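*Asks:* Using the numbering used here, the first residue of the sequence shown is number 294, and each one after it goes up by one.
All C-beta atoms in this analysis are idealised placements derived from N, C-alpha and C, irrespective of residue type, glycine included.
Everything numeric in this text was worked out from a predicted model, so none of it was measured.
Below: one structure in structure tokens.
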Amino acid sequence: MGDYLTYKRNRAFDSDGVYPDENYAREIQQLFTIGLWKLNTDGTRVLEDGAPVPTYSNRDIMNFARVFTGFDEQAERANIEHVEGKSNMIDPMQMKAEWHDAYPKPKLDGGYLGDGYPLCSEQSVQSFLEQGAKYRFLGHSTTDPNVLVLSAESPLYQTLCGGAQVCSHQLRHELTETLACFGTECSSGAVTTLLVADGFYEFLRPACVSLFFTADFEVLLYPDGEVGSNEDSQTRQNKFLGNFVSGEPPADTSSCPSGCTAAVGACACPVQLDQQDGMHVIRAGGATLQNPPVFVDRKAARARDCLWEVEALLDHLFEHPNTPVFVAYRMIQRFVTSNPSGAYVQAVSDAFKTGSYGGITYSGAYGDLKATTVAVLMHSEARAQTSESNGALREPYLKVIHLMRSMEYQDEANRPIFLRNIIEAIGQFPYASPTVFNFYLPEFRPEDFPEGLVAPEFQIFTPPNALAFANGMVSLIDHGLADCDQGFGVGVTDCSSGGFAFQEATGGMSASLPELDLLLTGGRLEAKHAVQAAYHQRNGWKDAQKAMIFTPEFNTMGNPMAGGVRPPSPPPSQTGSGSGYKAVVMLFLKGGMDSFQMLVPMDCPLYDEYTTVRRSISLLPDEVHKIQAQNQPCSEFGIHPRLPFLKELYDDDQLAFVNDVGSLVEPLTPDMIGTGFHAKGGTGETCQGLFSHADQQRAAETLTCQYSTAEFKGAGGRMADAVAAKGAWDLEMEATWPQGFDVSGEVLGSNGGESAFPEYERLKDIIDNITGTQHGNIYCEEYAKRFQQSISFNLGLEKQLENAELQTAYEISGYHPLRSQFKQAATLISARVDRQAERDFFFIEDGGWDSHKGVENALYTKFGEVNYALEEFVAELKAQGTFDNVVIVTHSDFARTLTPNSNAGTDHGWSGIQMVISGAVKGGLINQYPRLAEGSEMDAGRGRLIPRYPLEGMMMPVAEWMGMEPSQASQVFPNIGRFNSSHLITKETLFK
């Protein structure tokens, strides 16, 4: 996890002068414990004035990032093989105290980590001898310079030694009684490490805290409520939020309170120590503040104290009132149903909190996962799935394993069973999740799904994946686990590596069907007639198994509620001739592109700001491709060295850089956004889930970021609606951008959607019978419709593309998803006449832009991939004669912090730079390039720039170029009326 979420070798600001990496501090909250929004006990969101209440702010993330500092790998073991680039991936990470942040950390919703812990100054110096004292065996060496050597006559020595002549060291030991001190033990100070014969023990001193402020040094009071110590230069640069018991921060530093003096941005005030209502406080500048506890002595930091602070944060999140509800909801979704009732969520949450369920006490302790799991599986909604919304689409990989286990798969040579990595085929494979957000999002809602309900697994049930899954399962039944006919196995010479030992019963299908029903659908099969038909009218037992794996009952959970025949869908319209063709290609750089490394100011004061704020990651003038600009703070800019094709496009007036854009609800300034992440206390309206990947991806795709759902569909889909486009295409996985109210985004996949389904022609009547049945259960119905549509879509697409011909070689070998998506767009564009398309919208996504660690190397790779993919695609468009008819636009979740973190990466930012590429654009730099200095007028903290211009500003002229009428603008861009003409780009400015 230290590698995956990049907090390994994360350092405090005092250690290396840069900010700690925020990645893990964010995700441990959003994904692993409390989620983004405060929850009621039934799983619904807490609302204030009709708006959901966030659980944390970006300031909280910055505070908690300071907790996860100091971790590094243990020294390499001598008894394991060397792994290139790794030293020790077996043992838990070690804590390097000198890297750990030693300053106070505010908790969520008030107070500090360490509240409630005893003061170290009040602990007995002889606590290492008291009953209950705990020891951990360290081995036969230590790096601790302060070791207490025990005499063999010491009672403590004899206890830890095991009472034998030759010591028998135990890994853990707890004193069962208080022991008398002996020799130097009686006068020793704070004990950390002891030597017992030839073994070292660590005394696990109970966690305790000290008070941060002393009367010796002034406190710094900042107008924004932050405080710090005036002790030295390091304490002055480590501010934190003060907990004001009474009084307020100074209004400004020009009128500091009596007795205080003006300092840099703060008032320096003498400190008076006191206690009030059991709380340690300081009185300074006419205010009373809590004297915050700290675990670590910054001048004598110890690893154990640093780890206590980490434990305190984990306990804080674990004990948060959101955690039981958040865990309950996620577990129910994975095991039982995508949409549990509030009563179900509350029952599971209560089991988590009490350690009991159904009158049975398990541990009786908070956080009991045994009781929680029992509640998930034994609740009445799990035992009797009777409602139409109770159930779920099953995950594809589980269905593969289910079939193999239930049909008793055996390798013919008793070899180990191997599946190749099939994530590109079915969207899922163990340990291959594309991001920390899993293979799909828990709040994913299929298009036209009932309002307020979700079905997460459908996000990866795209037409290409659906047909690839069907082909793989057919191959498994026909050949066993092999790669023949798009199978899921590895290559074998004879296309057969095993098979199913479970065979039909002696009594034939009438005797076997009940067993198949039980084993594969849990006795829920309603399409028995189709399975019987496959057996009797086709190839017997194997075709019966194939029919089973096509049924909604096998692919979903819940009561199917099969009814009559579903009315046929109307055939797609065939309007358009392909003449006057135009298309938009949205290139979505998923994860947050660091665009301030893509385009860099040169040879001007702004470049000095750039090098100062970007520090070690800044680009040098002789590294970049230089371009000229007009009406900008600098006359010269530099394009990243790995993007030479962008320089070529720019010099040919075929590329426009759009500066300082991002997701906005309305124009904002720093005083309007309050204290960060969710705009606590701000007067302006901001995006929901600001700086969260999932939320800001949805924000950029919908351009309605004030909503936490995609109720207004996608921006590309709304544009397609406005210009009556033939269709909108998603070339990777199901996304929101191409979805409109009238136009449905078709998922093609980077393999072109050409997952032919050969078995369909042979089993057509049987499959049509299965998929043509209407179901009351929403998951069964959605599966049946989607599978049917996938087959129809594939057949139609195959016909439309049979004459498609690219004009360049465009050869791609190996796995290159970005290039493959562009190639599919080029193929569809080449077939525009046969498709009778006059307007197209393509959505291409490229992941891997979340550069929390090693941003220089990451961008070297990613920019190189984008450069090559764009160069290929543009060459093909020019060869087709369509480059003037196609516009390529970029979006991303957000940009990055201008300041790097201690892993030489950058964290989640806001405003950034985007591109518009076409033979039809004028080129140049549009919008003023922003100030980059930390603390500049639009800096929301750490170089997170607030955008001056909305994404609508660059998309409005694109929509007009595609044919949108002015009267349609408010329907296509619902927030456009909140911005005036100074925030928007005209069509005449962008296009020739």
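Nearest to V489 by CA position, among L453, D887, W330, L880, is which residue?
*Replies:* In the sequence shown, residue 489 corresponds to position 196, counting from 1. Ranking L453, D887, W330, L880 by Cα distance to V489 puts L453 first.
*Asks:* In the DSSP output, which residue or residues are listed as bridge partners for F1136?
*Replies:* Residue 1136 sits at position 843 when you count from the first residue of the sequence shown. M879, D1023.
*Asks:* Expressed to the nearest angstrom, what Euclidean distance is found between the alpha-carbon atoms of G407 and V587?
*Replies:* For the purposes of this step, residue 407 is identified with residue 114 of the sequence shown, where counting begins at 1. For the purposes of this step, residue 587 is identified with residue 294 of the sequence shown, where counting begins at 1. Rounded to whole angstroms, G407 to V587 spans 6 angstroms at the Cα level.
*Asks:* Output the residue ranges of the beta strand (DSSP E) runs that lie fully inside the region 992 to 1078 and measure 3 residues or longer, sorted by chain position.
*Replies:* The region 992 to 1078 contains these whole beta strand (DSSP E) runs: 1020 to 1023, 1038 to 1040, 1066 to 1068.
*Asks:* For S434, count neighbouring C-beta atoms within 10 Å of its own C-beta (all shown protein chains included) and say buried if the count is 16 or more, exposed if not.
*Replies:* For the purposes of this step, residue 434 is taken as the residue at position 141 of the sequence shown. When all chains shown are included, S434 counts as exposed.
*Asks:* Count the other CB atoms within 10 Å of the CB of I383; is the residue buried (16 or more) or exposed (fewer)?
*Replies:* Translated into the one-based positions of the sequence shown, residue 383 becomes position 90. It is exposed - the Cβ of I383 has fewer than 16 other Cβ atoms within 10 Å.
*Asks:* Rounded to the nearest angstrom, what separates P749 and E1039 at their Cα positions?
*Replies:* Start at 1 with the first residue of the sequence shown, and residue 749 comes out as number 456. Start at 1 with the first residue of the sequence shown, and residue 1039 comes out as number 746. Approximately 18 angstroms between the Cα atoms of the pair.
*Asks:* In angstroms, rounded to a whole number, what distance separates the CA positions of Q1093 and T362?
*Replies:* Position 800 of the sequence shown holds residue 1093. Position 69 of the sequence shown holds residue 362. Whole-angstrom Cα-Cα distance: 56 angstroms.
*Asks:* Over what stretch of residues does the alpha helix (DSSP H) that includes M1208 continue unbroken?
*Replies:* Sequence index remark: in the sequence shown, residue 1208 carries index 915 (1-based). Not the alpha helix (DSSP H): M1208 falls in the beta strand (DSSP E), residues 1205 to 1210.
*Asks:* Which full runs of the beta strand (DSSP E) of 3+ residues lie inside the region 367 to 443, going along the chain?
*Replies:* Correct list: 427 to 432, 440 to 442.
*Asks:* Tell me the rounded alpha-carbon separation between E1095 and Q1129.
*Replies:* Locating residue 1095 in the sequence shown gives position 802, where the first residue counts as 1. Locating residue 1129 in the sequence shown gives position 836, where the first residue counts as 1. Roughly 14 angstroms between the two C-alpha positions.
*Asks:* Given V747, which residues of its chain have a CB within under 8 angstroms of its CB, disregarding the five upstream and five downstream residues?
*Replies:* For the purposes of this step, residue 747 is taken as the residue at position 454 of the sequence shown. These residues qualify, in order along the chain: S631, N632, P735, E736, F737, R738.
*Asks:* Within the chosen definition, does the region 1182 to 1191 reach the region 1201 to 1210 through at least 3 CB pairs nearer than 8 angstroms?
*Replies:* Segments in contact, yes.
*Asks:* Go ahead and pull the three-state DSSP assignment for R627.
*Replies:* Locating residue 627 in the sequence shown gives position 334, where the first residue counts as 1. If DSSP states are grouped into helix, strand and coil, R627 belongs with the helices.
*Asks:* Using the beta-carbon count (16 or more within 10 Å), is K663 buried or exposed?
*Replies:* For the purposes of this step, residue 663 is taken as the residue at position 370 of the sequence shown. Classification for K663: exposed.
*Asks:* Do you know whose CA, among G492, S481, P438, K1171, lies nearest G455's CA?
*Replies:* Taking the sequence shown and counting its residues from 1, one reaches residue 455 at position 162. The option with the nearest alpha carbon to G455 is G492.
*Asks:* Taking three-plus beta-carbon pairs below 8 angstroms as touching, is the region 688 to 706 in contact with the region 654 to 663?
*Replies:* Verdict: no, contact absent.
*Asks:* Short check: CB of E978 to CB of V958, under 7 angstroms?
*Replies:* One-based indexing of the sequence shown puts residue 978 at position 685. One-based indexing of the sequence shown puts residue 958 at position 665. The answer is yes: Cβ separation under 7 angstroms.
*Asks:* Exposed or buried, E1091, counting other C-beta atoms within 10 Å across all chains shown (16 or more means buried)?
*Replies:* For this step, residue 1091 is matched to residue 798 along the sequence shown. When all chains shown are included, E1091 counts as exposed.
*Asks:* Please report how far the alpha carbon of G1236 lies from the alpha carbon of M572, in whole angstroms.
*Replies:* The residue given as residue 1236 occupies position 943 in the sequence shown. The residue given as residue 572 occupies position 279 in the sequence shown. Those two C-alpha atoms are separated by around 36 angstroms.
*Asks:* Quick check: the region 879 to 891 against the region 986 to 1001, are at least 3 beta-carbon pairs closer than 8 angstroms?
*Replies:* These segments touch.
*Asks:* Can you say whether F970 is buried or exposed, counting buried as having 16 or more other CB atoms within 10 angstroms of its CB?
*Replies:* Translated into positions along the sequence shown, residue 970 becomes position 677. The pLDDT assigned to F970 is 31, lower than 50, so where the model puts this residue is not dependable, and the model offers no usable value.
*Asks:* Taking Cβ to Cβ, would you say T471 is nearer than 7 angstroms to Q424?
*Replies:* Residue 471 sits at position 178 when you count from the first residue of the sequence shown. Residue 424 sits at position 131 when you count from the first residue of the sequence shown. Yes, these two residues count as a Cβ contact at 7 angstroms.
*Asks:* So, with DSSP's three-state summary, where would you put V1182?
*Replies:* In the sequence shown, residue 1182 corresponds to position 889, counting from 1. Correct three-state label for V1182: strand.
*Asks:* Rounded to a whole number of angstroms, what is the C-alpha to C-alpha distance between E717 and I753?
*Replies:* As a position in the sequence shown, residue 717 is number 424, starting the count at 1. As a position in the sequence shown, residue 753 is number 460, starting the count at 1. Those two C-alpha atoms are separated by around 10 angstroms.
*Asks:* Nearest-angstrom Cα distance between D771 and A1013?
*Replies:* Taking the sequence shown and counting its residues from 1, one reaches residue 771 at position 478. Taking the sequence shown and counting its residues from 1, one reaches residue 1013 at position 720. Rounded to the nearest angstrom, the two C-alpha atoms are 43 angstroms apart.
*Asks:* Any idea if K1057 is buried or exposed, counting beta-carbon neighbours within 10 angstroms, 16 or more meaning buried?
*Replies:* Taking the sequence shown and counting its residues from 1, the one referred to as residue 1057 is at position 764. Looking at its Cβ environment, which holds fewer than 16 other Cβ atoms inside 10 Å, K1057 is exposed.
*Asks:* Quick one: measure Cβ to Cβ for G1069 and M854, integer angstroms, because I've assumed they're closer than 8 angstroms.
*Replies:* Reading the sequence shown from its first residue, position 776 is the one you call residue 1069. Reading the sequence shown from its first residue, position 561 is the one you call residue 854. At roughly 3 angstroms, the Cβ-Cβ gap stays under 8 angstroms, so G1069 and M854 are in contact.
*Asks:* At which residue ranges does the region 437 to 517 contain complete beta strand (DSSP E) runs of 3 or more residues, listed in the order of the chain?
*Replies:* Taking only runs of at least 3 residues, the beta strand (DSSP E) segments lying wholly in the region 437 to 517 are 440 to 442, 465 to 467, 486 to 489, 492 to 496, 512 to 514.
*Asks:* Quick one: using the 10 Å Cβ neighbour count with 16 as the cut-off for buried, is G336 buried or exposed?
*Replies:* Sequence index remark: in the sequence shown, residue 336 carries index 43 (1-based). Label assigned to G336: buried.
*Asks:* By Cβ distance below 6 angstroms, which residues in the same chain neighbour G931 in space, the five residues on each side in sequence not counted?
*Replies:* If you number the sequence shown from 1, residue 931 lands on position 638. Result list for G931: V893, M895, V917, K919, in chain order.
*Asks:* Got a sec, what are the start and stop residues for the beta strand (DSSP E) D953 sits in?
*Replies:* Indexing the sequence shown from 1 puts residue 953 at position 660. First-last of the beta strand (DSSP E) with D953: 948 to 955.
*Asks:* With DSSP as the reference, label W601 as helix, strand or coil.
*Replies:* Here residue 601 refers to the residue found at position 308 when the sequence shown is read from its first residue. In this structure, W601 counts as helix in the three-state DSSP scheme.
*Asks:* Could you tell me the boundaries of the beta strand (DSSP E) in which E519 lies?
*Replies:* Mapped onto the sequence shown, residue 519 falls at position 226. Its beta strand (DSSP E) spans residues 519 to 522.
*Asks:* Can you check DSSP and say which residues form a bridge with C560?
*Replies:* Numbered from its first residue, the sequence shown carries residue 560 at position 267. DSSP lists L514, A555 as partners of C560.
*Asks:* Rounded to the nearest angstrom, what separates G1007 and E1253 at their Cα positions?
*Replies:* Walking along the sequence shown from the start, residue 1007 turns up at place 714. Walking along the sequence shown from the start, residue 1253 turns up at place 960. Taking the straight line joining both Cα atoms gives about 17 angstroms.
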